[in-house]
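**Q** Under the working numbering, the first residue of the sequence shown carries the number 751, and numbering increases by one thereafter. For every residue, glycine included, the Cβ atom is placed at its ideal position computed from N, Cα and C. Before I ask anything, let me first share the structure, which is written out below as structure tokens.
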Amino acid sequence: MSEPLERVSTANEDEALRYLAQRPFDNVYVYWLLATRQLRNGADMLLWRDAGGAVRGACSYGLQIVPSGDDVRALDAFGERARSSAHQARMIVGRRPDVECLWSHAATAFPKPRVVRTSQPLYAIGRSQLRYTRADADVAPATLAELDEIAVNASAMIAGEMGDDAPVVSNEFRTRTARIIQAGWLWRYRHHERLAFMCHIGAVMPATAQLQGVWTPPRMRGRGYATRALGAICDHLLDNVPNLSLYVNGYNTTAMALYERVGFERVGEFQTIMLGG
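Take a look at the structure:
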């Protein structure tokens, strides 16, 4: 029988953060959740310790279940615990071996997944790998004056990811987008006043920031804007963190080619199981 799971609290939070910091590209999202007190609305985070008392795994539970473990016994325990979160979770995401192990224990407690992204290559870049600079494109953080346009494009991006028709932008979605803009996390490139590229920071920790929402409006594709803009944005962001990371669906060869042109290198693999609407 596996050792008991331990809820993260103020007493062991620093220990949890040290564990997560060992694999920053894999764990940046969970690290950010914990470090910035983003765990809410019933979300929880658990640790698993080996017999010697060392932390060997951490897992957040809530709308997203995000496992991280370097001992299969930790992931087995997280999978069993996930069964009690089946009513709440909408997504399981993390390093591919971790997700697969957790899912092997938890699957029968969940409805059939809506979408499974089996292979999502994980990429990272530092200043020495970057092949472009801020001089290559006049990029800038988005402003609230651009909110409507950006929210429509973000909605279209998500719909395309899910294979849906573009939904109407809800007030909740618009509010979330506004918060990202107000945080200075959403960057864009405009060409002749038209939105030509955008992306945003999804999570950050001292070692890296994770990029999400990489999007070029369809009418602006095939002109090299994304390559120059992403390179310029990375140049700006690397002023504040030593590395940037992102993950991408394995079938999206166009996106992977973009990242590799900019200088991103593959450092791992994620998997995402989407569970509900």
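Residue 959 to residue 795, Cα distance in whole Å?
**A** Approximately 21 Å between the Cα atoms of the pair.
**Q** Counting only runs of 4+ residues fully inside the segment 879-953, write out the alpha helix (DSSP H) ranges in chain order.
**A** With a minimum length of 4 residues, the continuous alpha helix (DSSP H) runs that stay inside the segment 879-953 are 897-912, 921-932.
**Q** Given a cut-off of 8 Å on the beta-carbon distance, is the pair residue 872 and residue 981 in contact?
**A** Taking 8 Å as the Cβ cut-off, residue 872 and residue 981 do not qualify as a contacting pair.
**Q** Ends of the beta strand (DSSP E) at residue 993?
**A** Taken as a continuous stretch (DSSP letters only), the beta strand (DSSP E) holding residue 993 covers 993-997.
**Q** Helix or strand or just coil, what does DSSP make of residue 874?
**A** Strand.
**Q** Excluding the 5 residues flanking residue 884 on each side, which residues of the same chain have their C-beta closer than 6 Å to its C-beta?
**A** Excluding residues within five positions, the ones whose Cβ falls inside 6 Å are 982, 985, 986.
**Q** Are there three or more Cβ pairs, one per stretch, closer than 8 Å when the segment 994-1004 is compared with the segment 753-762?
**A** Contact fails: fewer than three Cβ-Cβ distances are below 8 Å.
**Q** Is the Cβ-Cβ distance between residue 1014 and residue 908 less than 8 Å?
**A** The answer is no: Cβ separation not under 8 Å.
**Q** Whole angstroms is fine: what's the gap from residue 860's alpha carbon to residue 923's?
**A** Roughly 26 Å between the two C-alpha positions.
**Q** Would you list, in sequence order, the uninterrupted beta strand (DSSP E) runs of no fewer than 3 residues that lie entirely inside the segment 812-858?
**A** If we require 3 residues or more, the beta strand (DSSP E) runs fully inside the segment 812-858 come out as 814-819, 841-845.
**Q** In this structure, how does DSSP classify residue 801 when only helix, strand and coil are distinguished?
**A** Of the three classes helix, strand and coil, the one that applies to residue 801 here is coil, per DSSP.
**Q** Are there three or more Cβ pairs, one per stretch, closer than 8 Å when the segment 837-844 is compared with the segment 807-824?
**A** Yes, they touch.
**Q** Beta-carbon separation of residue 797 and residue 784 under 8 Å?
**A** It is not a contact, given that the beta carbons lie outside the stated cut-off.
**Q** For residue 1016, which residues from the same chain have a beta carbon less than 6 Å from its beta carbon, with the 5 sequence-adjacent residues on both sides left out?
**A** Excluding positions up to five away in sequence, the list reads 871, 873.
**Q** Below 8 Å on the Cβ atoms is my guess for residue 938 versus residue 889; work out the distance and round it to an integer in Å.
**A** Indeed, because the Cβ distance is near 7 Å, the residues count as touching under 8 Å.
**Q** Spatial neighbours of residue 1024 within its chain, please: CB distance less than 8 Å, with the 5 preceding and 5 following residues excluded, ordered by chain position.
**A** Within the same chain, residue 1024 has close Cβ partners 840, 841, 863, 864, 865, 866, 867, 912.
**Q** Exposed or buried, residue 772, counting other C-beta atoms within 10 Å across all chains shown (16 or more means buried)?
**A** By the neighbour-count rule (16 or more Cβ atoms within 10 Å), residue 772 is not buried but exposed.
**Q** Can the beta-carbon of residue 806 be found closer than 8 Å to that of residue 820?
**A** Cβ atoms of residue 806 and residue 820: closer than 8 Å.
**Q** Can you find the residues in the same chain that come closer than 6 Å, C-beta to C-beta, to residue 947, ignoring five residues on each side of it along the sequence?
**A** 939, 966, 975, 976, 979, listed in sequence order.
**Q** Mapping DSSP to helix, strand and coil, what is residue 959?
**A** In this structure, residue 959 counts as strand in the three-state DSSP scheme.
**Q** First and last residue of the alpha helix (DSSP H) that includes residue 1008?
**A** Where residue 1008 is concerned, the enclosing alpha helix (DSSP H) stretches over 1003-1012.
**Q** Quick check on the DSSP output: the alpha helix (DSSP H) that includes residue 981 runs from which residue to which?
**A** Here the alpha helix (DSSP H) through residue 981 covers 975-987.
**Q** On a CA-only basis, which of 925, 905, 857 is nearest residue 918? Give me that one, please.
**A** The shortest Cα separation from residue 918 among 925, 905, 857 belongs to 905.
**Q** How would you label residue 845, buried or exposed, when you count the other beta carbons within 10 angstroms and need 16 or more for buried?
**A** Per the 10 Å Cβ criterion, buried.
**Q** Confirm, please, whether the CB-CB distance from residue 822 to residue 1020 is below 8 Å.
**A** It is not a contact, given that the beta carbons lie outside the stated cut-off.
**Q** Run through DSSP, which three-state label would residue 1024 get?
**A** It is a strand residue.
**Q** Determine the contact status of residue 852 and residue 808, defining contact as a CB-CB distance below 8 Å.
**A** Cβ distance not < 8 Å, so residue 852 and residue 808 don't count as in contact.
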